[in-house]
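Undergrad: Attaching a single structure in structure tokens format; questions to follow.
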Amino acid sequence: MSTPLLFQPIKLREIEARNRIVVSPMCQYSAKDGHVGDWHLVHLGKFALGGAGIVFVEATAVERRGRITHGDTGIWDDAHIAGLKRVADFVRSQGAVPAIQLAHAGRKASMARPWYGNGPLTQQDLDRGDKPWSIVAPTDAALGESWIQPRAFQPGDFQTVLAAYRNAVRRAVAAGFDILELHAAHGYLLHTFLSPLTNTRSDEYGGSRENRMRFPLEVARAVRDAWPAARALFVRISSIDDVEGGWSIEDTVAFAGKLREAGVDVIDCSSGGIAGSATAATRTLVPRVPGFQIPFAERVRKDAGIKTMAVGLILTPQQAEEALQAGAADLIAVGREALYDPNWPLHAAQVLGVDPNMERWPLQYGWWLTRREGLLKKLGLRK
Ligand SMILES: Cc1cc2nc3c(=O)[nH]c(=O)nc-3n(C[C@H](O)[C@H](O)[C@H](O)COP(=O)(O)O)c2cc1C
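Be aware that the sequence shown starts at -17, since it is given in this note's numbering, and climbs by one per residue.
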């Protein structure tokens, strides 16, 4: 029997991942002034121990004003490098590829942590010391009533933010990451430039699709230029806005083609978030069912001729393997499934029959677990 695709290594430029399972970037809102700490090391370290091929550090702000909340991780200062390096080194030491998502929250910056309401900062947040800050976006339209109003991007802002991305890339190199992802989804800065719902600028950065793609493409090119040629670059997009009159899958295919020309290696196909949360359970156009975003990854892979990562309610190893076998994607990202079971990849290897002797487990665990399996068999508790 040949190895399931999910467990075949994949080479992205000079970077090789041991399998196709990726732990999706997931904000922990637990950093202090942007610094990752012990929480992040253990949180991400356990996914590397759990057998993932690639482990992503959450959306990490390239500018202080680009944080979603006060608890976001940051890469706007050289002082952030040491903590990130500690995470990247440990992830690599356990056989996984360390990756990081670079982000700028745009008009979704300066909000409350999810467990404090996931909305605009309230008096209670202020009392906790979480004060609002000035934010920027393509236009001065706020996310909604009672949300903080952004200042519309001025000519100088483009250069400032581009420089912030370039410096962030330099720091990501110093921290030892092998994969970089640009966050251009979920209603954050780059997505709001793309979407006609949020970009109503009348200059060369707004209006036509070409104009709306201009700044995100400038960022992608600047990042590719600063990121070593041997290392892989991903871009996460919202494949559709899922709102009438919004960014469409045809727009995504066109954007993905331009990103490929700019030297991007993988399109990470998420969706939604332009007006509210990307993980909200209610959507207007596309029903949320297991694997509901896989068709977007398939369409981009086929029509734009670029590798894709599928994500979103991918629950079982069989479902992941089917998506790869169908040619819908090259990589499978798991988010909440990994929170629920950090050993998801190791368990998937057992389910798909590629690790009968638990050789993929860390040595410190596998030795014991194979003996436990033997005992459970003897007791008639295993087939
Ligand atoms: C706790 C949490 C934090 C998240 N933070 C990010 C993030 O930093 N960047 C991002 O692009 N998506 C983020 N997401 C979305 C996930 O990466 C993923 O796309 C989404 O949860 C769907 O996959 P799942 O059904 O496997 O969880 C987050 C999701 C969760 C649950």
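Each residue gets a CB set at the ideal place from its N, CA and C atoms; glycine is no exception.
Mind checking whether the beta-carbon of Gln83 lies closer than 7 Å to any heavy atom of ligand 1?
TA: Result yes, Cβ under 7 Å from ligand 1.
Undergrad: For Leu(-6), which three-state DSSP category applies?
TA: Three-state DSSP puts Leu(-6) in a strand.
Undergrad: Using the C-alpha atoms, what's the distance from Gln136 back to Gly33?
TA: The alpha-carbon atoms of Gly33 and Gln136 are separated by roughly 45 Å.
Undergrad: Would you say Cys251 touches ligand 1, meaning its beta carbon is less than 7 Å from a heavy atom?
TA: Outside the cutoff, so no.
Undergrad: Spell out a yes or no on whether the region 232 to 248 and the region 69 to 86 are touching, meaning 3 or more CB-CB pairs, one atom from each, closer than 8 Å.
TA: Output reads no: the region 69 to 86 does not touch the region 232 to 248.
Undergrad: Please state whether the Cβ-Cβ distance between Ser220 and Ser253 is less than 8 Å.
TA: It is a contact, given that the beta carbons lie within the stated cut-off.
Undergrad: DSSP state of Val225, grouped into three classes?
TA: It is coil, neither helix nor strand.
Undergrad: In whole angstroms, give me the CA-to-CA distance for Trp377 and Thr298.
TA: Limits of the chain in this structure are -17 at one end and 365 at the other, which puts residue 377 out of reach.
Undergrad: Taking 7 Å as the cut-off, does the CB of Cys220 come closer than this to any heavy atom belonging to ligand 1?
TA: Looking at the sequence itself, residue 220 is Ser, so the reference to Cys does not match. It does not: the Cβ of Ser220 is nowhere closer than 7 Å to a heavy atom of ligand 1.
Undergrad: Using the Cβ count rule (16 or more neighbours within 10 Å means buried), how would you classify Trp343?
TA: So Trp343 counts as buried.
Undergrad: Is there contact here, the region 304 to 320 with the region 278 to 288, by at least three beta-carbon pairs under 8 Å?
TA: The region 304 to 320 vs the region 278 to 288: in contact.
Undergrad: Closer than 7 Å: is that where the CB of Leu313 sits relative to any heavy atom of ligand 1?
TA: It does not: the Cβ of Leu313 is nowhere closer than 7 Å to a heavy atom of ligand 1.
Undergrad: In the DSSP assignment, what residue or residues form a beta bridge with Ile63?
TA: None, per the DSSP bridge assignment.
Undergrad: What's the call for Val293, buried or exposed, on a 16-neighbour Cβ count within 10 Å?
TA: Buried.
Undergrad: State buried or exposed for Val24, treating a residue as buried only when at least 16 other CB atoms are found within 10 Å of its CB.
TA: Exposed.
Undergrad: Can you tell me the Cα-Cα spacing of Pro114 and Ala257, whole angstroms?
TA: Distance between the alpha carbons of Pro114 and Ala257: 20 Å.
Undergrad: Would you say the beta carbon of His168 comes nearer than 7 Å to a heavy atom of ligand 1?
TA: Checking the Cβ of His168 against ligand 1 gives yes.
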